[in-house]
Amino acid sequence: MPLYRIYWLGQDDHIDAADYIECESDTEAAARGQELIGPHAAVELWLEKRYVVTLPAKAATDPVAVTG
């Protein structure tokens, strides 16, 4: 199974932390990265030397749930 490198990015776009995740595909890696984003501004995924995607954190409020 491919090992993807995941970088957690802070508000200043600098790397806060890094690790590896095992995923079958880019799609699975992106879904897993979104689950792991935590309090960070974004995660960036790489497969060896190939850039895969940068995923920004979701907004703190869900616009569908906001009433007013």
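Oh and the sequence shown: position 33 is 32 in numbering that gives the first Met the number 0, straight run, nothing missing. All residues carry an ideal CB built from backbone N, CA and C; glycine is no exception.
CB contact flag (residue i, residue j, <7 Å)
i, j, result
"A17", "Y3", "no"
"L54", "A28", "no"
"E21", "M0", "yes"
"A40", "Q10", "yes"
Helix, strand or coil at residue i according to DSSP, with G and I counted as helix
i, result
"D11", "coil"
"E27", "helix"
Per-residue burial, residue i [other beta carbons within 10 Å of its own, 16 or more giving buried]
i, result
"G37", "exposed"
"G32", "buried"
Close beta carbons around residue i, own chain, < 6 Å, minus the five adjacent residues each side
i, result
"V52", "A29 and L44"
"E47", "none"
Residues near residue i by beta carbon distance below 7 Å, same chain, minus five either side
i, result
"D15", "W7, L8, G9 and H39"
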